[in-house]
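Heads up, the sequence shown is in my numbering, so the first residue is 1 and it goes up one at a time.
Just so it is clear, CB atoms sit at the ideal spot from N, CA and C, and this is done for glycine as well.
Comments concern the structure below.
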Amino acid sequence: MAVILDANALINLYRAEILSLIYLATECIVPAEVYAEAVTNGQMAGYPDSSGIAEIIGPCTEEFMEIQPDLGRTGRGETAVLRVYLERRGNSFPSDDQRFLRYLERMERSERVAIRHLGTPQFIVQSTINGLITKSQALDGIASLGGGISEVQSTDALQRLETL
Numbered sequence: 001m002a003v004i005l006d007a008n009a010l011i012n013l014y015r016a017e018i019l020s021l022i023y024l025a026t027e028c029i030v031p032a033e034v035y036a037e038a039v040t041n042g043q044m045a046g047y048p049d050s051s052g053i054a055e056i057i058g059p060c061t062e063e064f065m066e067i068q069p070d071l072g073r074t075g076r077g078e079t080a081v082l083r084v085y086l087e088r089r090g091n092s093f094p095s096d097d098q099r100f101l102r103y104l105e106r107m108e109r110s111e112r113v114a115i116r117h118l119g120t121p122q123f124i125v126q127s128t129i130n131g132l133i134t135k136s137q138a139l140d141g142i143a144s145l146g147g148g149i150s151e152v153q154s155t156d157a158l159q160r161l162e163t164l
C-alpha cells in the first residue's frame, strides 16, 4: 500500500527523524504540487527542512496535475493529495493540516465517502504496528514533533505505543 504525503506530513516526518525510514520501507507518493511547496518553494524561502527533505526523497518524479484548488481554501498540494488518493484507492495519507482535515470531514459527511487519513502521530504508531519503524524510533519521533502537533494526538499516540 502506498502512502501519499502532503507538505505538512513531509515536514513533520522529517522533523521526527523518520521520513527516511518510511521512504525506504514503503511506496511514498509526493505529488509535484507538494514537492513544489515543501522543497522548491521552501528552499527559495530559506527553510532548513526543505534541503533535508530533498536529500531523502530525491527529485520530483510526479507530473503536475491540472487542478483547481478549491477545497475550502486549501492549497494545490492538498488538492493534489486528495486527487491522487481518490484515483488510487487503497492508499492512505497522514496530514495535520487542520483546514484540510475539516474539508475532508465535510466531504465524508456530504458524499458518504470514507477517506483513510491519519494525523502524523497516529501514522507513526501505524508504521510501528506495520513494522516499518521500531517502537523506540516511534517514541523518539513523536517526542520530537513538539508543538507542531496537538497534545491530544501526541498523548493518544504515546499511550497506544505503550501497549505495543
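Residue i: first and last residue of the uninterrupted alpha helix (DSSP H) it sits in
i    : result
P31  : Here P31 belongs to no alpha helix (DSSP H), and DSSP marks it neither H nor E.
N130 : Here N130 belongs to no alpha helix (DSSP H), and DSSP marks it neither H nor E.
L161 : E151 to E162
V84  : R76 to E87
I56  : P48 to I57
G42  : N41 to M44
Test item: CB-CB of residue i and residue j under 8 angstroms
i    : j    : result
D156 : D97  : no
E27  : A2   : yes
T134 : L164 : no
A80  : E111 : no
L139 : L161 : yes
E108 : G77  : no
Y14  : G58  : no
Distance between residue j and residue i (C-alpha atoms, nearest Å)
i    : j    : result
I4   : Y85  : 7 angstroms
T211 : P48  : Here the chain comprises residues numbered 1 to 164, so residue 211 is not present and cannot be evaluated.
I22  : Y35  : 17 angstroms
R88  : R116 : 12 angstroms
Q43  : Q126 : 30 angstroms
V30  : R102 : 21 angstroms
E105 : R83  : 16 angstroms
Whole-angstrom C-beta distance between residue j and residue i, which should lie under 8 angstroms
i    : j    : result
A9   : I124 : With 8 angstroms as the limit, A9 and I124 do not qualify as a contact, their Cβ atoms being about 11 angstroms apart.
T74  : F100 : 5 angstroms
Q122 : I18  : Incorrect: roughly 14 angstroms between the Cβ atoms, too far for contact.
S154 : I142 : 6 angstroms
A25  : L158 : That pair is no contact at about 22 angstroms.
I56  : S95  : 19 angstroms between Cβ atoms; not a contact.
Beta bridge counterpart(s) of residue i as assigned by DSSP
i    : result
V3   : C28 and S92
L118 : P94
Distance cut-off 7 angstroms: residue i Cβ against heavy atoms of the ligand COA
i    : result
H117 : The ligand COA is not among the ligands present in this structure, which contains no ligands whatsoever.
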